[in-house]
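A.B. asks: Each residue of the sequence shown is one higher than the one before, starting from 38 at the first, in the working numbering. All residues carry an ideal CB built from backbone N, CA and C; glycine is no exception.
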Amino acid sequence: MNALLNSGRLLPLLGVLLLLSTVGWYTKKIATNYVFDQVAQRGQTTLRLTVESLNGALGRYRSVPFLIADIKDVQKFLASSASLPLDNQINHKLKRINAAIRASDIYIMNDQGLTIAASNFDSNTSFVGRNFSFRPYFQDAIKGKQGRFFALGTTSSKRGYYFASPVYVNGAIKGVVAVKVSIDKIEAAWNISNHEIVVTDKLGIIFMASKPAWHFRSMIPLSDETKTALKSTRKYNEVLIQELAIVEEPDASSDHRMVNIATNTRPLEYLVQNVPMPVEAWNVHILSRTASARAQAYTIAAALLFTLISMILSATILLLRRRRLLERIDSQQEARLQLAKRVKERTYDLKIANSNLIEEISERKLAEEELKKTQADLIQASKLAALGQMSAALSHELNQPLGAAKSYADNAAVFLDRDRIDDARKNITSISTLIDRMASIGKHLRNFARKPHEQTSTVFLNNIINDALEILATRIKAIDAKISVELPREELWVVGGQVRLQQVLVNLIGNSLDAMENLPQPKVEIKAIRNNQYIILSVRDFGAGIEDEAASQIFDPFFTTKGVGKGLGLGLSISYNIVKDFGGELSARNHEDGGAEFVIKLNSQSVKSNETII
Ligand code: ADP
38 MNALLNSGRL
48 LPLLGVLLLL
58 STVGWYTKKI
68 ATNYVFDQVA
78 QRGQTTLRLT
88 VESLNGALGR
98 YRSVPFLIAD
108 IKDVQKFLAS
118 SASLPLDNQI
128 NHKLKRINAA
138 IRASDIYIMN
148 DQGLTIAASN
158 FDSNTSFVGR
168 NFSFRPYFQD
178 AIKGKQGRFF
188 ALGTTSSKRG
198 YYFASPVYVN
208 GAIKGVVAVK
218 VSIDKIEAAW
228 NISNHEIVVT
238 DKLGIIFMAS
248 KPAWHFRSMI
258 PLSDETKTAL
268 KSTRKYNEVL
278 IQELAIVEEP
288 DASSDHRMVN
298 IATNTRPLEY
308 LVQNVPMPVE
318 AWNVHILSRT
328 ASARAQAYTI
338 AAALLFTLIS
348 MILSATILLL
358 RRRRLLERID
368 SQQEARLQLA
378 KRVKERTYDL
388 KIANSNLIEE
398 ISERKLAEEE
408 LKKTQADLIQ
418 ASKLAALGQM
428 SAALSHELNQ
438 PLGAAKSYAD
448 NAAVFLDRDR
458 IDDARKNITS
468 ISTLIDRMAS
478 IGKHLRNFAR
488 KPHEQTSTVF
498 LNNIINDALE
508 ILATRIKAID
518 AKISVELPRE
528 ELWVVGGQVR
538 LQQVLVNLIG
548 NSLDAMENLP
558 QPKVEIKAIR
568 NNQYIILSVR
578 DFGAGIEDEA
588 ASQIFDPFFT
598 TKGVGKGLGL
608 GLSISYNIVK
618 DFGGELSARN
628 HEDGGAEFVI
638 KLNSQSVKSN
648 ETII
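(1) Should G606 be counted as a contact of the ligand ADP given a C-beta to heavy atom distance under 6 Å?
(2) For the beta strand (DSSP E) containing V541, name the first residue and the last one.
(3) Would V213 pass as a contact of M146 if the rule is Cβ separation under 7 Å?
(4) Strictly by DSSP, which residues pair up with M322?
(5) Might you give, ordered along the chain, the residues of its own chain that have their beta carbon closer than 7 Å to the beta carbon of R626, omitting 5 neighbours on each side?
(6) Is there a C-beta anywhere in chain B that falls below 7 Å from the one on Y144?
(7) Kindly indicate which three-state DSSP category E523 falls into: helix, strand or coil?
(8) Check this for me: beta carbons of S141 and G197, under 7 Å apart or not?
(9) Tell me where the alpha helix (DSSP H) around P173 begins and ends.
(10) Roughly how many whole angstroms lie between the Cα atoms of L54 and R331?
(11) If I measure Cβ to Cβ from S120 and keep anything under 6 Å in the same chain, skipping five residues before and after, which residues do I get?
(12) Have a look at T493 and A565 and give me their C-alpha separation to the nearest angstrom.
(13) Verify the contact flag: G600, CB atom, against every heavy atom of the ligand ADP, threshold strictly below 6 Å.
(14) In whole angstroms, what is the alpha-carbon distance linking R254 and R99?
(15) In angstroms with no decimal places, state the Cα-to-Cα distance between Q149 and P304.
(16) Is G631 near the ligand ADP - that is, is its Cβ less than 6 Å away from at least one heavy atom of it?
(17) May I have the straight-line CA-CA distance separating Y71 from L84, to the nearest angstrom?
(18) State the beta-bridge partners of I283 as determined by DSSP.
(19) Ignore the nearest five residues each way along the sequence and tell me which others in A282's own chain have a CB closer than 8 Å to its CB.
(20) Going by C-alpha to C-alpha distance, which of K264, N311 and Y307 sits closest to L86?
(21) Could you tell me whether any non-hydrogen atom of the ligand ADP is closer than 6 Å to the CB of I501?
(22) When the Cα atoms are used, what is the spatial distance from L123 to F158?
(23) Just checking A505 against the ligand ADP - is the residue's beta carbon closer than 6 Å to any of the ligand's heavy atoms?
(24) With a Cβ-Cβ cutoff of 7 Å, do V543 and I615 count as a contact?
(25) Pull up the CB-CB distance for V88 and M256, whole angstroms please, since I reckon it's below 8 Å.
(26) Closer than 8 Å is the cut-off here; do at least three beta carbon pairs connect the segment 351-366 with the segment 92-108?
(27) Do I591 and L609 have their CB atoms nearer than 7 Å?
(28) Sorry if obvious, but does the Cβ on T493 come closer than 6 Å to a heavy atom of the ligand ADP?
(29) Roughly how many whole angstroms lie between the Cα atoms of T584 and I502?
(30) Can you tell me whether DSSP reads T265 as helix, strand or coil?
(31) Using alpha carbons as the reference points, say which of T344, G61, P559 and H293 lies closest to R326.
(32) State the start and end residues of the unbroken beta strand (DSSP E) segment that holds E622.
(33) Span of the alpha helix (DSSP H) holding R97?
(34) Counting Cβ pairs, one atom from each stretch, are 3 or more of them under 8 Å apart for the segment 61-70 and the segment 334-348?
(35) At the level of alpha carbons, what is the spacing between T265 and S58?
(36) On a Cα-Cα basis, can you pick out the residue from F452, I472, I572 and L639 that is closest to G440?
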């Protein structure tokens, strides 16, 4: 409960319950009123018809005593006998009339109220000889009025309505004619279910009722005076009049008069309507049973309430749905706005990034151009540097022998002047040697002047190796070097030029021999292997290997670690370029077991035909 209260759900719940019960109450009231109105309407109609038929039924007899009193024989009969002579003629006449008009009884009383002739003269309950002077109808008629009275017959114990008229003989009232009408038959027509019809006299006593149990019951409390009056007129004989157990039941949901009447069974509720019959001073009531009307009202109220609740629920659901829809639309709108905002932001970011990129690209382009320019400058500079380097090296290489040759020539001239012919010859021989050396430089330099992409063809490597070794045979022998050649079984044909490749091999093997000059057992290993379409040719020696500082420069022109006059520093540079021209590669490294190893990678072809051999 506390949780409910805390959660704030109880109050709206109570509110809804209160609203529903209020609406329910009003709905019930409306439905009950509606149904009861219909019941009342029907009751009113029934009541009207009942009164009409009652009036009609009794009205038929109203003038009968007057007419009988007008009969000459009757007047004569009353004029002649004031005592009790049986006059069968009158008795039979009354009997015939009674049969014709279907009344209960017709009888004639003298001015003392003694019955002197009656239609039932021959029955056990004959009125003849009985005195009815106590009856109000007699008392009225003897006074010259038209008497009418309802009473329970003292002889027959049957309820009846009495009409009475005075009988005038020569202007004086000599007796009274009375007609008793039975009301049982009238009542019989009222025995219709769902309502009760009741007729009360002016004292409120029921003398006619569709429900026989209610006969002679009072609808209102009886006063002592009333009881005395009843006794004197012996209206209802000796019948003890009891009050009907009526409880007024005012119903807030209905504008009609409602009562509860308990008879032998449980109390039943009735809707009461009445209409007076002023002539007889009667009241005709209709008591309509309300049980089925109430059930009908409940059903209608329940249906109305159900419809109302359904409508409220439907409306609530519709409203909730609408609200949810609106919320969804709102959130979608929000999302769209967010998206649009994000897109805008991103677009802005992208624009900035784009412009940055464009800026960067233009900067890159500028940098690239700068770089290209720098590269071009560098190339130019390095070309110049190389040219300068080469010029310096050349001038050094040539100036030195030239200087020496000049000295030798000068000395030779001095020797000749002094006739030292042998010395002069020696000098001239030295000059010749120097000139040879310079010529050799020139020869090497010619190689630089070669066309870079001179025609290549497929050459037979095995022969080239042999030729190179042949050329170097003297030098090999001089240091007693061991040469091992290890070749695969196949004939090795490579892309190149015979003379130039031979020159490369002579240079590499020559360098190896140079490197092992001072070794006791110099050895050169020449190996060739195939690696797919390449032939890998290596020349390895067992010398000191390439010096660390020299490693990066050995392929540069004029780089040499050999002593003055020994190396030109052109061999490897030229060899590198030749192999490159063949589409191959020349590389150098120190063997892990010592010594230098030069590797030539050449393209091979399995062509063994009569190729042009250069
Ligand atoms: P050069 O033989 O006239 O010196 P190269 O161009 O043939 O010119 O060689 C350049 C240098 O490379 C050599 O001076 C030497 O230092 C180094 N070099 C070449 N071959 C070998 C080798 N087999 N062992 C050690 N050093 C070598």
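C.D. replies: For this structure:
(1) Counting from 1 along the sequence shown, the entry for residue 606 is found at position 569. Checking every heavy atom of the ligand ADP against the Cβ of G606, one is found closer than 6 Å.
(2) In the sequence shown, the residue the question calls residue 541 occupies position 504. Not the beta strand (DSSP E): V541 falls in the alpha helix (DSSP H), residues Q535 to A552.
(3) Counted from its first residue, the sequence shown places residue 213 at position 176. Counted from its first residue, the sequence shown places residue 146 at position 109. Contact flag set, yes.
(4) As a working note, residue 322 is residue 285 in the sequence shown. Met is not the amino acid found at residue 322; the sequence shown has His there. V235 and N311.
(5) Within the sequence shown, residue 626 is the residue found at index 589, counting from 1. Non-local beta-carbon contacts of R626 in its own chain, meaning distances under 7 Å to residues more than five positions away in sequence, involve E634 in chain order.
(6) Absence of chain B from the displayed structure is noted, only one protein chain being present.
(7) As a position in the sequence shown, residue 523 is number 486, starting the count at 1. E523 sits in a strand when the DSSP states are folded into three classes.
(8) As a position in the sequence shown, residue 141 is number 104, starting the count at 1. As a position in the sequence shown, residue 197 is number 160, starting the count at 1. Taking 7 Å as the Cβ cut-off, S141 and G197 qualify as a contacting pair.
(9) By one-based count along the sequence shown, residue 173 stands at place 136. Run containing P173: P173 to I179, per the alpha helix (DSSP H) assignment.
(10) Stepping through the sequence shown from its first residue, residue 54 is reached at position 17. Stepping through the sequence shown from its first residue, residue 331 is reached at position 294. So the alpha carbons of these two residues sit roughly 23 Å apart.
(11) For the purposes of this step, residue 120 is identified with residue 83 of the sequence shown, where counting begins at 1. Reliability of the predicted coordinates at S120 is poor, the pLDDT of 48 falling under 50, and the value obtained from them is presented with this limitation in mind. There are no such residues.
(12) Along the sequence shown, one-based indexing puts residue 493 at 456. Along the sequence shown, one-based indexing puts residue 565 at 528. Distance between the alpha carbons of T493 and A565 is about 20 Å.
(13) For the purposes of this step, residue 600 is taken as residue 563 along the sequence shown, with counting starting at 1. No - the ligand ADP has no heavy atom lying nearer than 6 Å to the Cβ of G600.
(14) In the sequence shown, counting from the first residue as 1, residue 254 sits at position 217. In the sequence shown, counting from the first residue as 1, residue 99 sits at position 62. Straight-line Cα distance between these residues: approximately 27 Å.
(15) The residue you call residue 149 lines up with position 112 of the sequence shown. The residue you call residue 304 lines up with position 267 of the sequence shown. Approximately 48 Å between the Cα atoms of the pair.
(16) Position 594 of the sequence shown, counted from the first residue, corresponds to residue 631. No, the beta carbon of G631 sits no closer than 6 Å to any heavy atom of the ligand ADP.
(17) Stepping through the sequence shown from its first residue, residue 71 is reached at position 34. Stepping through the sequence shown from its first residue, residue 84 is reached at position 47. When rounded, the distance between both Cα atoms is 20 Å.
(18) Along the sequence shown, one-based indexing puts residue 283 at 246. According to DSSP, which records beta bridges pairwise, I283 is partnered with I298.
(19) By one-based count along the sequence shown, residue 282 stands at place 245. Counting only Cβ-Cβ distances below 8 Å, and skipping sequence neighbours, we find I298, A299, T300 and P304.
(20) Position 49 of the sequence shown holds residue 86. With distances taken between Cα atoms, L86 lies closest to N311.
(21) On the sequence shown, residue 501 is found 464 positions in, with the first residue counted as 1. The answer is no for I501.
(22) What you label residue 123 is simply residue 86 of the sequence shown in a count that begins at 1. What you label residue 158 is simply residue 121 of the sequence shown in a count that begins at 1. Interpretation of L123 is limited by its pLDDT of 47, a score under 50 that renders its predicted location unreliable; no figure is taken from the coordinates.
(23) Counted from its first residue, the sequence shown places residue 505 at position 468. Flag unset: Cβ of A505 not near the ligand ADP.
(24) The count along the sequence shown starts at 1 and reaches residue 543 at position 506. The count along the sequence shown starts at 1 and reaches residue 615 at position 578. No, the Cβ-Cβ distance between V543 and I615 is not below 7 Å.
(25) Taking the sequence shown and counting its residues from 1, one reaches residue 88 at position 51. Taking the sequence shown and counting its residues from 1, one reaches residue 256 at position 219. Between M256 and V88 the Cβ distance is about 17 Å, and since that is not below 8 Å, they are no contact.
(26) no
(27) The residue given as residue 591 occupies position 554 in the sequence shown. The residue given as residue 609 occupies position 572 in the sequence shown. Going by C-beta atoms, I591 is nearer than 7 Å to L609.
(28) The sequence position of residue 493 within the sequence shown is 456, counting from 1. Not so, every heavy atom of the ligand ADP lies at least 6 Å from the Cβ.
(29) One-based indexing of the sequence shown puts residue 584 at position 547. One-based indexing of the sequence shown puts residue 502 at position 465. Before going on, a small fix: residue 584 reads as Glu here, not Thr. Rounded to whole angstroms, E584 to I502 spans 27 Å at the Cα level.
(30) Sequence index remark: in the sequence shown, residue 265 carries index 228 (1-based). If DSSP states are grouped into helix, strand and coil, T265 belongs with the helices.
(31) For this step, residue 326 is matched to residue 289 along the sequence shown. The option with the nearest alpha carbon to R326 is H293.
(32) As a first step, residue 622 must be located in the sequence shown, where it is residue number 585. Where E622 is concerned, the enclosing beta strand (DSSP E) stretches over E622 to N627.
(33) Locating residue 97 in the sequence shown gives position 60, where the first residue counts as 1. Here the alpha helix (DSSP H) through R97 covers L47 to R99.
(34) yes
(35) Taking the sequence shown and counting its residues from 1, the one referred to as residue 265 is at position 228. Taking the sequence shown and counting its residues from 1, the one referred to as residue 58 is at position 21. Rounded to the nearest angstrom, the two C-alpha atoms are 53 Å apart.
(36) Position 403 of the sequence shown, counting from 1, holds the residue named residue 440. It is I472.
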